[in-house]
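For reference, the structure is listed below as structure tokens.
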Amino acid sequence: MYEPSPLPVQAMDWLRLWRLLQQSSLRFHRLLEVFSGPGRALSASPQAWRAAGIGSSAVTRLQHWQGGTDPDLLREMDEAVAADLAWCEQTGQRLLTLSCPDYPALLREIPDAPPLLFLRGNASLLGLPQLAMVGSRHPSHTGLADARDFAGGLARAGLVVTSGLASGIDGAAHAGAMRAGGKTVAVLGTGADRPYPREHHRLYQEILEGGSLIVSEYLPGTPPLAQHFPRRNRIISGLGIGVLVVEAAPDSGSLITARLAAEHGRPVWALPGSRHHPQARGCLQLIREGATLVTETRHILEDLPALMGYLREQLTLPVDTPAEMQAVVATQSCDPAARALLSLLGQECRHADWLIAMSGMPPAQVLRSLSQLEMGGLVASVPGGYERLPAGAALV
1 MYEPSPLPVQ AMDWLRLWRL LQQSSLRFHR LLEVFSGPGR ALSASPQAWR AAGIGSSAVT
61 RLQHWQGGTD PDLLREMDEA VAADLAWCEQ TGQRLLTLSC PDYPALLREI PDAPPLLFLR
121 GNASLLGLPQ LAMVGSRHPS HTGLADARDF AGGLARAGLV VTSGLASGID GAAHAGAMRA
181 GGKTVAVLGT GADRPYPREH HRLYQEILEG GSLIVSEYLP GTPPLAQHFP RRNRIISGLG
241 IGVLVVEAAP DSGSLITARL AAEHGRPVWA LPGSRHHPQA RGCLQLIREG ATLVTETRHI
301 LEDLPALMGY LREQLTLPVD TPAEMQAVVA TQSCDPAARA LLSLLGQECR HADWLIAMSG
361 MPPAQVLRSL SQLEMGGLVA SVPGGYERLP AGAALV
């Protein structure tokens, strides 16, 4: 099962550099490109930092830190990094850096991937397929109901629902996934220990108590700052295999998340609405720009088989992992209907129509369960139907 190592190698260097750069991932990436690692960047000269395009304020902090000319800075840095490490070593809390082999594969692909991720909760969810849901902070009652319904349907299909813990659609998506018995990932624009907004303090606790996950690129204790929230949008879209927009105004940050997903080669789905409803106009605009119009969860699930090859490349376990271990991960997204179909498949290729007839399940249920099984690496779609893979055989 996916489980990040308790503490990355050279964690102190990553944390020191992150603090010296005041949590700027753009500057961090610039230094990584030049110096290959945070340790080398910290030992580089101020002139080398300037040549790499780092601004004067960060260069000045480096000079004071390297030369010991500011005792207060040295003391504050040492105490802060020690506190960061202590936080990361607590039960249920982790630090992932770009150097970690278990850093999320899809997130690693995006430009400006967060150099550090602070995790609180069930870190194994980062090894499962996620679908991002975003939308208005001021949705209609219908929008809230749609968000809960879609999140529940996606969770029942075995997907982890990822959102930003914001008011409105985000909160409904997290709650809908958990009420359906599924899991959710909340990406914060604050420190992972700072639930925001205040109205979602209880939801934050439910996420942790329900075996789900809190993620942030910001240091523990980081308060809510306006400039941080747009930055977390790239993490929401980067973690997901795609993004669903439920309700959004034309100037909504949700459209930024959706467009980032499209730039990263991920599908975007959008719920339509009345052209007279301000919170529907953003979705209508996305549909005009090429997003897929959806009105039911199954519309998304029907699109997933086309993504399977990509998912297998990016999200499967290492090739030398035994089938039994892959099966353990896959079972987390298997419902009873999917297990029944897995048993029916046996050792032979079977057409979906045969599975519908033999299982007695509605066609939509069979399609949904087959998508689940394929996403989990338990079955494969082949000419003539579906066949069970070795990981699936380990479950029956």
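Going by my numbering, the first residue of the sequence shown is number 1, and it counts up by one from there. Every residue, glycine too, gets a C-beta built ideally from N, C-alpha and C. Being a predicted model, the structure only gives us computed values, none of them experimental.
- Just grab the DSSP bridge partners of PHE398 for me. No information on residue 398 is available, as it lies outside the stretch 1 to 396 that the chain covers here.
- Message: Going by DSSP, what residue range makes up the beta strand (DSSP E) through TYR204?
- Response: Unbroken run through TYR204 is the alpha helix (DSSP H), 201-209; no beta strand (DSSP E).
- Indicate the three-state DSSP secondary structure (helix, strand or coil) for HIS369 in the structure shown. Per the sequence shown, residue 369 should be read as Ser rather than His. In the structure shown, SER369 falls within a helical segment according to DSSP collapsed to helix, strand and coil.
- Task: Determine the closest residue to SER163 out of THR257, SER45, SER359, with distance taken between C-alpha atoms.
- Result: THR257
- Measure the alpha-carbon distance for TRP14 versus SER237 and round it to whole angstroms. 24 Å
- Taking the Cβ atom as the reference point for each residue, do ILE235 and VAL187 lie within a distance shorter than 8 Å? yes
- Task: Give the DSSP-derived three-state secondary structure of ALA186 in the structure shown.
- Result: strand
- Under the three-state reduction of DSSP, which class applies to GLN90: helix, strand or coil? Residue state, collapsed to three classes: coil.
- Task: Find the nearest neighbour of GLY210 within the set LEU255, VAL160, ILE169, judged by alpha-carbon distance.
- Result: VAL160
- Can you tell me the Cα-Cα spacing of LEU219 and ALA192, whole angstroms? 8 Å
- Item | Outcome for LEU286 when other beta-carbon atoms lying within 10 angstroms are tallied against a minimum of 16 | buried
- Task: Please state if the CB of VAL185 and the CB of GLN130 are separated by a distance shorter than 8 Å.
- Result: yes
- Item | Where MET358 sits in the DSSP three-state scheme | helix
- Per-residue DSSP class, three states only, for GLY385: Strand, per DSSP.
- Item | Sheet register partners of TRP65 (DSSP bridge) | None, per the DSSP bridge assignment.
- When you compare only the Cα positions, how much space is there between ALA172 and ALA337? 26 Å
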